[in-house]
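Participant:
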Amino acid sequence: MFNPIQIILLILACHIIGTLGQNVQLVAKFGGQQVFRGLIAGAIMGDVKTGLLIGGTFQLMAMGLAAYGGASIPNFNTALWISVPFAIASGTDAPLELAMAVGVPVATLGIQLDVIAKTVNSYWYHRAEKHVEKREYKKLYRDILIGEYGFGRAALGQTLPVIIFLLFGEPIVQLIINYMPAWLTTALGTVSGVLPALGMALLMLYMPVKENFHYLILGFVLYVFFGQSILAITLVGAVIAVVLFKRMEKESKAQANAYLNVDAGGIGDE
Numbered sequence: 007m008f009n010p011i012q013i014i015l016l017i018l019a020c021h022i023i024g025t026l027g028q029n030v031q032l033v034a035k036f037g038g039q040q041v042f043r044g045l046i047a048g049a050i051m052g053d054v055k056t057g058l059l060i061g062g063t064f065q066l067m068a069m070g071l072a073a074y075g076g077a078s079i080p081n082f083n084t085a086l087w088i089s090v091p092f093a094i095a096s097g098t099d100a101p102l103e104l105a106m107a108v109g110v111p112v113a114t115l116g117i118q119l120d121v122i123a124k125t126v127n128s129y130w131y132h133r134a135e136k137h138v139e140k141r142e143y144k145k146l147y148r149d150i151l152i153g154e155y156g157f158g159r160a161a162l163g164q165t166l167p168v169i170i171f172l173l174f175g176e177p178i179v180q181l182i183i184n185y186m187p188a189w190l191t192t193a194l195g196t197v198s199g200v201l202p203a204l205g206m207a208l209l210m211l212y213m214p215v216k217e218n219f220h221y222l223i224l225g226f227v228l229y230v231f232f233g234q235s236i237l238a239i240t241l242v243g244a245v246i247a248v249v250l251f252k253r254m255e256k257e258s259k260a261q262a263n264a265y266l267n268v269d270a271g272g273i274g275d276e
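In the numbering used here, the protein residues as written are 7 to 276.
(1) Can you tell me the Cα-Cα spacing of A19 and M51, whole angstroms?
(2) At a cut-off of 7 Å, is I223 close to the ligand ADP when judged by its beta-carbon and the heavy atoms of the ligand?
(3) Would you mind sorting E188 into buried or exposed? The rule is 16 or more other CB atoms within 10 Å of its CB.
(4) T240: which of V230, G225, I150 sits nearest, CA to CA?
(5) What are the boundary residues of the alpha helix (DSSP H) that M67 is part of?
(6) Taking A93 as part of the alpha helix (DSSP H), name the residues at either end of that continuous run.
(7) Could you say which of L204, V110, I152 lies nearest to A123 if we only look at CA atoms?
(8) Could you check where the alpha helix (DSSP H) with P101 kicks off and where it finishes?
(9) Excluding sequence positions up to five away, which residues of its chain have a Cβ less than 8 Å from the Cβ of L86?
(10) When you compare the CB positions of F82 and V179, do they come within less than 8 Å of one another, or not?
(11) Which whole runs of the alpha helix (DSSP H) in the stretch 206-247 are 4 residues long or more, in chain order?
(12) Tell whether a beta-carbon distance below 8 Å holds between M206 and M69.
(13) Looking only at C-alpha atoms, which of T84, G57, G233 sits nearest to T25?
(14) Let me confirm a value: E276 is counted as buried when at least 16 other C-beta atoms fall within 10 Å, else exposed. Which label applies?
(15) Can you name, in chain order, every residue of its own chain whose Cβ lies under 6 Å from the Cβ of R133, other than the five neighbours on each side?
Put into structure tokens, the structure is as follows:
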């Protein structure tokens with residue numbers, strides 16, 4: 007199903023992006039997005055369009071999820087590195103549905119893998135703390151590297167399951183393809199449309215929707231009644247954001263100047 011070069015590139019991309027995404031902000035901003043990983047996985051498999059389609063769907067599904075306070079959440083990054091190659095290599099007419107059938111269980115399994123990775127990684131961080139007390143900085147650096155790159159969340163939570171699935175998961179996926187009934191394919195197609203909406207709804211829980219509900223209505227009207235694309239609506243939103251930012255900036259400067267004038271006047275009177 008996969009040639010050796012594709013397997014090597016997928017594993018390297020998964021590990022490098024996953025590890026650097028926890029340490030380098032630029033990589034975290036772009037590499038941490040499922041749509042970006044879908045682009046990379048799709049390019050390696052020779053089908054960028056399908057990779058972007060699956061990545062964008064998983065991006066919307068994960069949009070409202072965040073690991074606050076060290077909590078573990080479904081790992082859609084791991085699911086993406088596994089589901090995109092299998093969906094493309096299978097040659098199925100419904101790659102998104104197959105990606106959902108493979109990816110969602112893997113993402114859920116990622117919760118347990120993340121807990122295991124954090125538990126294992128704590129050993130190396132405790133060793134690092136002892137090295138700090140003894141001022142053994144070379145050993146400190148070594149243990150951090152081993153813990154972060156060898157047994158970190160990216161290695162145990164992403165790279166290891168990707169290696170296992172790419173090398174030994176073909177019979178499982180082939181079994182799913184052969185025995186997946188039509189009603190399940192239809193159901194997964196429906197779910198693939200509902201879960202992104204759920205992700206958006208979860209995201210909106212953390213946003214000041216009540217104070218800015220009129221902008222939400224504006225975006226809905228532009229999309230439904232005027233048929234504008236997401237890019238066009240995004241540009242309109244960007245213009246509104248810039249206008250509001252400049253207005254708030256002027257107001258804050260005016261308030262600061264007023265405060266300085268009052269303060270200066272008070273000093274002069276004294």
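The beta-carbon is built from N, C-alpha and C at its ideal position, and this holds for glycine as well.
Facilitator: In short, the structure shows the following:
(1) Cα-Cα distance, rounded: 12 Å.
(2) Looking for the ligand ADP in the displayed structure turns up nothing, as the structure carries no ligands at all.
(3) Checking the displayed sequence, the identity of residue 188 turns out to be Ala instead of Glu. Within 10 angstroms of the beta-carbon of A188 lie fewer than 16 other beta-carbons, which makes it exposed.
(4) T240 has its Cα closest to that of G225, out of V230, G225, I150.
(5) Element bounds for M67: 54-68.
(6) Counting along the chain, A93 sits inside the alpha helix (DSSP H) bounded by residues 82-96.
(7) For the set L204, V110, I152, the Cα lying nearest the Cα of A123 is the one of I152.
(8) Note, P101: alpha helix (DSSP H), 101-140.
(9) A distance below 8 Å between beta-carbons, with the five flanking residues on each side excluded, links L86 to the following residues of its chain, in chain order: Q40, R43, G44, A47, I60, G61, F64, G109.
(10) Not closer than 8 Å, so no.
(11) For the stretch 206-247, whole alpha helix (DSSP H) runs of length 4 or above, ordered along the chain, are 219-230.
(12) Cβ atoms of M206 and M69: closer than 8 Å.
(13) Scanning T84, G57, G233 for the CA closest to the CA of T25 turns up T84.
(14) Confidence is the limiting factor: at E276 the pLDDT is only 49, short of 50, which leaves the residue's position unreliable, though a coordinate-based value still follows. Around the Cβ of E276, a 10 Å sphere holds fewer than 16 other Cβ atoms; the residue is exposed.
(15) In its chain, beyond the 5 residues on either side, D149 have a beta carbon closer than 6 Å to the beta carbon of R133.
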